[in-house]
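One structure is given below, encoded as structure tokens.
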DNA sequence: TTATAATATCGTAAAATTACGATAAGTTGC
DNA sequence: GCAACTTATCGTAATTTTACGATATTATAA
């Protein structure tokens, strides 16, 4: 599962999680899905399928990527699955990005 | 160049740029390269090649991705190229992520 | 001009991602 | 039990990404 990076040292656990989140969000469709989930608070897979005009299996696959990255949470609601944005995940993302590379290019002061 | 998203509406210009940055940073090697550039303020391609144990052409390709995402800047210094983190780019990234999905899961208060 | 040095680009093979249809798995109601 | 409904997973083709060696390209020095 964990591939060796051809670098002098590995990323920390937190850095690895952050990079995985960034990778998941780097896909425009998943990026847009997150926005849709935020707008609607929560929704079921079928809503997103209707929203995207993608095949149901494709949407389910994208949701799996977002879920495994810890960006969304899914709960079974009867025959459907109800997805919502993971508050913990989004907080982690914003916190980590906010303090990322602090010695360089501070976003408030511009000093770095 | 611009692919149509199979979604009800496209991403804005800023959202598209943000997604491209996230995609570039989603690769662990490029993520690590950014850290290395931040640690060393700036460095030439050869430094990163020695740092990573990747082929020179591969490193050059990754640097191109980071540069096209607006995350780093390269300046020709004699026969070499001197790279540094783009202050504007990193500021954009942090600012955009900071205010992304504001109606959901505020990182400070947790209300949303 | 020639040689050296550093990097970018080209061509290509391997790996990963993306998307789809088909199918399986689960829940609800009869 | 069965049928209807929703979603997840499987198998697979097309595309993209990644990595490499080989080859330009550009700058410096003699």
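Residue numbers (our numbering), protein chains in the order written: chain A, 16 to 127; chain B, 16 to 127. Think of the CB as a built atom: it goes at the ideal place given N, C-alpha and C, for glycine as much as any other residue.
Taking the beta strand (DSSP E) that residue i falls in, what are its first and last residues?
i	result
residue 25 of chain B	No beta strand (DSSP E) holds residue 25 of chain B; DSSP gives it neither H nor E.
residue 65 of chain B	Premise fails: residue 65 of chain B lies in the alpha helix (DSSP H), 60 to 67, not in any beta strand (DSSP E).
residue 89 of chain B	87 to 92
At a Cβ threshold of 7 Å, is residue i touching chain A?
i	result
residue 100 of chain B	yes
residue 79 of chain B	no
residue 86 of chain B	no
residue 53 of chain B	yes
In or out: residue i buried (at least 16 other Cβ within 10 Å) or exposed?
i	result
residue 45 of chain B	buried
residue 3 of chain A	Look at the range of chain A in this structure, 16 to 127, and you will see that residue 3 of chain A is not part of it.
residue 73 of chain A	exposed
residue 104 of chain A	buried
residue 61 of chain B	exposed
residue 137 of chain B	Within the shown structure, residues of chain B are numbered from 16 to 127, placing residue 137 of chain B beyond reach of any answer.
residue 79 of chain B	exposed
residue 25 of chain B	exposed
residue 84 of chain A	buried
Hey, would you say the C-beta of residue i is under 6 Å away from at least one heavy atom of the ligand COA?
i	result
residue 79 of chain A	Looking for the ligand COA in the displayed structure turns up nothing, as the structure carries no ligands at all.
Give the range of the alpha helix (DSSP H) segment to which residue i is assigned.
i	result
residue 53 of chain B	43 to 54
residue 108 of chain A	102 to 113
residue 78 of chain A	71 to 83
Is there a Cβ from chain B that is less than 7 Å from the Cβ of residue i?
i	result
residue 70 of chain A	no
residue 41 of chain A	yes
Contact set between the stretch 109 to 120 of chain B and chain A, restricted to residues whose Cβ is under 7 Å from the partner: 109, 110, 112, 113, 116, 118, 119 and 120
Inter-stretch contact (C-beta, 8 Å, three-pair minimum) for the stretch 22 to 31 of chain A and the stretch 92 to 101 of chain B: no
Sufficient close CB pairs (3 or more, under 8 Å) joining the stretch 45 to 60 of chain A to the stretch 107 to 121 of chain B: yes
Near-chain A residues of the stretch 24 to 36 of chain B (beta-carbon distance less than 9 Å), N- to C-terminal order: 24, 25, 26, 30, 31, 33, 34, 35 and 36
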